[in-house]
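Protein chains in written order, with the working numbering: chain A, 265 to 611; chain B, 265 to 611; chain C, 265 to 611; chain D, 265 to 611. Please read the structure below before turning to the comments.
This is how it looks when you write it as C-alpha cells:
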C-alpha cells in the first residue's frame with residue numbers, strides 16, 4: 265500500500281465582481297478540474313460580471329448543517345409522546361451539544377415518524393467548518409443522552425438518511441442544509457449581445473425550455489440548471505472541500521427573465537456545504553487558495569466560510585451564464601470545445 | 265492568471281477480490297480524497313471480499329452514453345409526424361454519427377414531446393471513452409442533419425436536459441446512461457460477526473430502515489444507499505474521470521437480505537460514467553493508476569472502460585458494507601473517525 | 265347544459281377495530297368505487313383487524329392545511345429582509361387570519377427565496393374543514409395585508425405551487441399538509457397464515473422488494489405502498505371529500521417487519537386531507553355516512569375531522585394488507601378478481 | 265352490510281371545440297365533482313376554445329398499458345442471462361398474451377435488474393379498455409409461462425411497483441403508461457384580454473413562476489401544472505373510469521409562451537388511463553355520458569377510448585387556462601369562488 269498525490273489541474277479564473285451581504289469587490293477564484301474547457305467558460309462569465317454595475321449581487325439566505333438519527337419504539341403513539349417530550353427539553357439538548365464543541369450549536373429538530381421508527385433531524389450551526397464531523401460527534405452525544413433519558417428508545421442508527429448527506433433528495437432544499445446562497449444580476453442587453461453573441465430573450469427562452477421544462481421531463485428533483493455540478497466540484501477541490509457534496513449542491517435553480525429589455529439572471533443554490541477549517545484544509549495549495557480568496561482573514565466566526573460559499577455561488581453564476589449563452593447558438597459549444605482543447609484559448 | 269496543481273491525497277486500498285463478466289481476481293484500487301477516513305473504511309470492506317469464496321461478483325448490465333437535443337415545431341402534431349419519420353430513418357442517422365468518430369455508434373433514440381417542443385435523446389456506444397465530448401460532437405452533427413432534412417424544425421438547444429448530465433433525475437436510471445453495474449456477494453455470518461462486529465440481521469434491518477425507508481422519507485430519487493458518492497468521487501479523481509458525474513452515480517441502491525443465515529449484500533449502480541481515454545487521462549499519475557488497475561491492457565474496444573467501471577462499483581460495495589456495519593454499532597462510527605484522524609490507523 | 269347525478273357504487277365494509285388517540289372500537293366504513301373488487305379485499309383486512317387484540321392502533325401525528333403565495337421583489341436581498349420582518353410580525357398576521365374565519369388559525373410560515381421571488385407557505389388550523397377554501401380566503405387577506413404593509417412587494421400569485429395542492433411533490437410530507445396518521449398492528453402469525461394464506465416473512469419480504477425497492481426503481485417520490493390511492497378515493501367519495509387530494513394522499517409508506525415471529529404492519533399516511541364540513545357535505549348520503557361513522561357527534565372542534573382521517577387511514581391499512589397478502593401467492597390476485605366479478609363473492 | 269349509491273353531482277360543461285388526430289368539432293363534456301366551482305371555471309375555458317380558429321388542437325402521441333412483475337434469481341449475472349433470453353423469445357410471449365384476450369397485445373418489455381431481483385415491465389395494447397385487469401391477466405399468464413420455461417426464476421410478485429399504478433413515480437412519463445395526449449392552442453391576445461381579463465405576458469410569466477419554478481421548489485416529480493387532478497377526477501367519475509388513476513394523470517406539464525403577441529398554451533398529459541369498456545361502464549349514467557361524448561360509435565378498436573382521452577385532455581386545458589387566468593388577477597379567485605357558491609353563477 266502506497267501513498268501518493270493525485271493532481272487535479274487548477275487555474276484561477278476571474279476576476280469576478282461581487283456585491284452583497286458577505287462579499288464586496290473583485291476576486292479571482294480557483295477551479296481545479298480535469299475538464300479544462302470549464303476555465304474559459306467561467307472566465308467569460310466572470311468578465312461579464314465586471315461589466316455590470318455592482319457586479320453579481322449575492323445573498324446568503326440561511327445556513328445550517330444537519331444529521332438525522334433514528335430510533336425504534338414500541339409503536340407510533342409512543343414515538344409521538346417521546347418526540348413531544350424531547351422537543352420540550354431542547355435547552356437540555358443544546359447543553360449536551362455545547363459540550364461536544366466550542367462551535368456546534370443546536371438550532372432545532374425536525375422529525376418524521378414512520379410506523380414505529382422515530383427519525384430526528386438535528387440542525388446545527390458549525391462555525392467555519394462544513395461540519396460533517398462536528399454534527400456526527402454532536403449527534404452521537406445527543407443519541408447517548410436521549411437513550412439514557414428515554415429508555416423506551418431503542419438505538420437505530422447514527423445516520424438515518426433523513427439528513428441527507430450526498431444523496432439526491434428533497435429534504436435539504438426544503439428544510440435547509442449547508443449555506444443557501446443566491447447570486448443574481450441584471451445584465452445590460454448590450455453586454456449580452458456583445459459578449460455572449462445572443463439576446464436576453466434567447467437566454468430566457470432557453471432557460472425555461474431546457475432548465476425548467478427539460479429538467480421536469482427528465483424527472484428531476486429540485487434541479488433546474490445546466491451544469492452547477494461542474495463549477496462546484498472544481499471550486500470544492502481547489503479549496504479543500506468534500507467534493508462529494510456536489511450531489512446536493514447540484515440541486516439548484518437558474519432563473520432568467522427580461523427586465524426592461526435587459527437580462528435578469530440568477531442562480532439559487534440552497535445546499536452549499538463548505539468550510540474553511542476541517543479535513544483537506546491543511547494542504548499547502550488549499551491554504552494558499554483560501555488566503556488568496558480572503559478566507560483566512562480575521563473575521564467573526566463563520567464569516568470566512570460564508571465568504572467562501574458566496575464565491576462558490578458566484579463561480580456557478582459565471583459558468584451557468586456562459587454555457588446558456590453558448591447553447592443558444594448552434595455550433596458554438598462544439599467549436600469552443602475543440603478550439604480550446606487544440607489551442608488552449610477560448611473564442 | 266496562473267496555473268498550478270491542486271493535489272488530492274491518494275491511497276491505494278485493497279486488495280479486493282472480484283469475479284464476474286469483466287474482472288476476475290485481486291486488485292487494489294486507488295482512492296483520492298481529502299476525507300481520509302474513507303481509506304480504512306473501504307479497506308475493511310476489501311478485506312472482507314477476500315474472505316468470500318469468489319469474492320465480489322460483478323455484472324455489467326448495460327452501457328450507453330446520451331445527449332438530448334430539442335427542437336421547436338409549429339405544434340405537437342407536427343412533432344409527432346417528424347418524430348416518426350426520424351425514427352424510420354435511423355440508419356441514415358447512424359451513418360451521420362459514424363462520420364464523427366471511429367468509436368461513436370448510435371444505439372437508439374428516446375423522445376419526449378412537450379407542447380410544441382420535441383426532445384430527442386440520442387444513445388451512443390462510445391468505446392473506451394466516457395463520451396461526453398464524443399456524444400456532443402455526434403449530436404451536433406445529428407442536429408445539423410435533422411435541421412437540413414426537416415426544415416420545419418427550429419433549433420432549440422444542443423442540450424435539453426433530458427440527457428441528463430450531472431443532475432439528479434430519474435431518466436438516467438430508467439433509460440440508461442453510463443455503465444450499469446451490480447456488485448454483490450453472500451458474506452458468511454461468521455465473517456460478518458468477526459470482521460464487522462455485527463450480524464447479518466442487523467445489517468439487513470439497518471439497510472431497510474435507513475437506506476430504503478429513511479431515503480424515501482427524505483424525498484430521495486432513485487437513491488437508496490448510505491454514501492456511494494464518497495467512494496465514487498475518490499475513485500474518479502484517482503483515475504482521471506469527470507468527478508461531477510458522481511451526481512448521477514450516487515443514485516444507486518443497496519440491498520441486504522438474509523440467505524440461509526448469511527448476508528446477501530449488493531450495490532446496484534446504474535449510472536457509472538467512466539472511461540480510460542479522454543480528458544484527464546494524460547496526467548502522469550492517472551496513467552500510472554490506470555496501468556496498475558489493468559486498464560491499459562490490449563483488449564477489445566470498450567473492455568478497459570468496462571473493467572474500470574466494475575472496479576469502481578466494487579470499491580463502492582466495500583465502502584458501503586463497511587459503513588453500514590459501523591452504523592449498526594452505537595458509537596463505532598465516531599470512535600473510528602477520531603481514532604483514524606489522530607493515529608492514522610483504523611480500528 | 266343539464267344537471268344530473270353521477271352515481272358511484274358504494275358498499276360498507278367492516279367492521280374494523282381501532283384503538284388510539286382519536287378512535288376506539290368497531291366501525292364499519294363506506295367505500296364508493298367502480299372497482300368493486302376493492303370491497304372484499306378491504307373487508308378481508310377489516311376482519312383481520314377484529315382478530316387482533318386492540319385492533320389497529322392509530323396515531324394522529326400532526327394536522328395543518330397550507331397555501332403558498334409568492335411575490336416579486338427587486339432582488340433576493342430585499343426578499344430576505346422582508347421575510348425576516350414578516351416573520352417578526354407573525355402576531356399581526358394571526359390577527360388578520362382571525363378576521364377571515366372563526367376556525368382559521370395561522371400556525372406558521374415556511375418560505376423559499378428563488379432569485380427575486382419570495383414564496384410564503386402559510387400553515388393553518390382549519391377546524392373540522394379540509395380547509396381548501398378557508399386557507400385561500402385567509403391567504404387572500406394575508407396577501408392584501410402584506411402588499412399594503414410592504415409596498416416593495418409585487419403581487420405574484422395567490423397560489424405558487426409550493427402549497428402543494430394535488431400534485432406529486434415532496435414538500436407536503438416534509439413540512440406537513442393535511443392530517444398525518446399512522447395505523448399499525450402486530451398480527452399474530454396464526455392469523456396471517458389462516459386468513460391470508462401466507463406468512464409474516466413473505467409479506468415482509470414482498471413489502472421490501474415491491475413497495476420499497478420497486479418503488480425506488482420506478483423513480484417514486486415519498487411513495488412506498490401498493491395501492492393507497494384505491495382505498496382513499498373510495499373513502500373520500502363516500503364521505504363527501506375532494507377526491508383529487510388522493511394525489512398527495514397516495515404518497516405514503518408501508519412497513520412490514522417480523523416481531524417475535526408475528527407480523528408488524530403499518531401504514532404511514534402523512535397527507536390525509538379530509539373534513540366533516542364544507543363542499544360535498546350537504547348531500548344526503550354523505551350526511552348519512554358521516555353520521556354512521558360517528559363524525560357528526562358533538563365533539564371539540566376538529567375532533568370529528570380527526571376521527572374521519574383515522575377511519576380513512578384504517579381503511580387503507582386493511583386494503584393494503586389484503587393486497588400484499590394476495591400478491592405473495594401466485595395466481596391468487598387474478599383468481600380473486602375473476603371470482604368476485606363473476607359471483608360477487610370473495611374467496 | 266348494505267349496498268347503496270353515492271352520488272357525485274355532475275354537470276355538462278362546454279361546448280369545447282377540438283381539432284386533431286382523433287376528435288374534430290364541438291363537444292360538451294360532463295364533470296362529476298363535489299367541488300362545483302370547477303364547472304364555471306372549465307366552462308370559461310371551453311368558451312374560449314370556441315373563439316379560437318380550429319379550437320384546441322389535440323395530439324395523441326402514444327398509448328400503452330403496463331404491468332411489472334419481478335422474480336428472484338441466484339445473482340444478477342443470472343438475471344441478465346435470463347433477461348436476454350426472454351427478450352429474444354418475445355414472439356413466444358406475444359402468443360401467450362394473445363391467448364388471454366382478443367384485445368391484449370404485447371408491445372414490448374422494459375426491465376430493471378436490482379441485485380438478484382429481475383423486474384420485467386410488460387407493455388400492452390388493450391383495445392378500448394383502460395386495461396388494468398387485462399394486463400394483470402396477461403401478466404399472470406406470462407409469469408406462469410416464464411416460471412415453467414426458466415426454472416431458475418423464483419416467483420416474486422405479480423406486481424413489483426415498476427408498473428407503476430396510482431403512485432407518484434417517474435417511470436410512467438418516461439416509458440409511457442396510458443394515453444399520452446397534448447392539447448394546445450394559440451389564443452388571440454384580444455380573447456385573453458376580454459375573456460380572462462389578463463394578458464398573454466401575465467399568463468406566461470405566472471406559468472413559469474408557479475407551475476415550473478414553484479413546482480420545482482416543492483420537490484415535484486414530472487409535475488408542472490396548477491390543477492390537472494381536479495378536471496381529471498371529475499371527468500373520470502362522469503365516464504366510469506377508475507378515478508384513482510388521477511395520481512399519475514396529474515403528473516403533466518403546462519406551457520405558456522408568447523407567439524407574435526398571442527398566447528400559446530398547451531397541456532401535456534402523458535398518463536391518461538381511460539377506457540370505454542370495463543368496470544364502471546355498465547352504469548346507466550355512464551353509458552349515457554359515453555354516448556353523448558360520441559364514444560359509443562362504431563369505430564375501429566381503440567378509437568373510442570382515444571376519443572375519450574382527448575376529451576379528458578381538452579377539459580384539462582380549459583380548466584387550467586381558466587385558473588391561471590384567474591390567478592394573475594389579485595382577488596379574482598376568491599371572488600369567483602364566493603360568488604359561485606352563493607349564487608350558482610360564475611363571474
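Heads up, the beta-carbon is just placed ideally off N, CA and C, and yes, glycines get one too.
Distance, Cα to Cα, residue i vs residue j?
{"i": "residue 552 of chain C", "j": "residue 291 of chain C", "result": "14 angstroms"}
{"i": "residue 275 of chain D", "j": "residue 545 of chain D", "result": "18 angstroms"}
{"i": "residue 296 of chain B", "j": "residue 297 of chain A", "result": "14 angstroms"}
{"i": "residue 472 of chain D", "j": "residue 507 of chain C", "result": "27 angstroms"}
{"i": "residue 414 of chain C", "j": "residue 339 of chain C", "result": "14 angstroms"}
{"i": "residue 408 of chain A", "j": "residue 421 of chain A", "result": "12 angstroms"}
{"i": "residue 580 of chain D", "j": "residue 548 of chain B", "result": "60 angstroms"}
{"i": "residue 443 of chain C", "j": "residue 390 of chain A", "result": "34 angstroms"}
{"i": "residue 582 of chain A", "j": "residue 446 of chain B", "result": "38 angstroms"}
{"i": "residue 320 of chain D", "j": "residue 423 of chain A", "result": "52 angstroms"}
{"i": "residue 281 of chain A", "j": "residue 434 of chain D", "result": "40 angstroms"}
{"i": "residue 327 of chain B", "j": "residue 312 of chain B", "result": "28 angstroms"}
{"i": "residue 337 of chain C", "j": "residue 516 of chain A", "result": "20 angstroms"}
{"i": "residue 342 of chain D", "j": "residue 324 of chain A", "result": "52 angstroms"}
{"i": "residue 589 of chain A", "j": "residue 460 of chain A", "result": "6 angstroms"}
On the premise that residue j lies in contact with residue i, defined as a C-beta separation below 8 angstroms, what is that separation, rounded to the nearest angstrom?
{"i": "residue 529 of chain D", "j": "residue 438 of chain D", "result": "At roughly 24 angstroms, the Cβ-Cβ gap does not stay under 8 angstroms, so residue 529 of chain D and residue 438 of chain D are not in contact."}
How would you label residue i, buried or exposed, when you count the other beta carbons within 10 angstroms and need 16 or more for buried?
{"i": "residue 412 of chain B", "result": "exposed"}
{"i": "residue 270 of chain C", "result": "buried"}
{"i": "residue 289 of chain C", "result": "exposed"}
{"i": "residue 565 of chain C", "result": "exposed"}
{"i": "residue 467 of chain B", "result": "buried"}
{"i": "residue 379 of chain B", "result": "buried"}
{"i": "residue 272 of chain A", "result": "buried"}
Can you pull the chain E residues whose beta carbon is under 9 angstroms from the beta carbon of residue i, in chain order?
{"i": "residue 357 of chain D", "result": "No chain E is part of this structure, whose protein chains are labelled A, B, C and D."}
Below 8 angstroms CB to CB, which residues in the same chain sit around residue i once its five sequence neighbours on both sides are set aside?
{"i": "residue 363 of chain D", "result": "405"}
{"i": "residue 430 of chain C", "result": "508, 509, 511 and 512"}
Between residue i and the ligand GTP, is there a pair consisting of the residue's CB and a ligand heavy atom that are separated by less than 8 angstroms?
{"i": "residue 544 of chain D", "result": "This structure lacks the ligand GTP, and indeed carries no ligand of any kind."}
Cutting at 6 angstroms between CB atoms, please list the residues of its own chain near residue i, excluding the five before and the five after it.
{"i": "residue 609 of chain A", "result": "Here the model assigns residue 609 of chain A a pLDDT of 49, short of 50, so the residue's position is not dependable, and the following value carries that caveat. Closer than 6 angstroms at Cβ, skipping near neighbours: no residue."}
{"i": "residue 385 of chain D", "result": "330, 332, 374 and 426"}
{"i": "residue 453 of chain A", "result": "464, 525 and 526"}
Just to confirm my understanding: we take residue i, look at its own chain, exclude 5 residues before and 5 after, and list those with CB closer than 7 angstroms. What are they?
{"i": "residue 351 of chain A", "result": "373"}
{"i": "residue 494 of chain B", "result": "299, 302 and 583"}
{"i": "residue 403 of chain C", "result": "331, 333, 386 and 422"}
{"i": "residue 306 of chain B", "result": "277, 295, 495, 579, 582, 583 and 586"}
*Got a sec: which bits of the segment 465-477 of chain D sit with their beta carbon under 7 angstroms from any beta carbon on chain C, in order along the chain?*
470, 473, 474, 475 and 477
_So if I threshold CB-CB distances at 9 angstroms, which residues from the segment 501-519 of chain A count as touching chain D?_
Contacts with chain D (Cβ-Cβ distance below 9 angstroms) from the segment 501-519 of chain A involve 517 and 519, listed in chain order.
*Quick one, which residues of the segment 433-453 of chain C are near chain A if we go by CB-CB under 7 angstroms, in chain order?*
434, 435, 438, 439, 446 and 448
*Within 7 angstroms of chain D by C-beta, residues of the segment 339-366 of chain B in sequence order*: Answer in chain order: 339, 340, 341 and 344.
_Near-chain C residues of the segment 265-293 of chain A - C-beta to any C-beta below 7 angstroms_ = Per Cβ criterion, the list reads 284 and 285.
_Members of the segment 532-544 of chain D that neighbour chain A once the beta carbon cut-off is set at 7 angstroms_ = Against chain A - using a Cβ distance shorter than 7 angstroms - the segment 532-544 of chain D contributes no residues.
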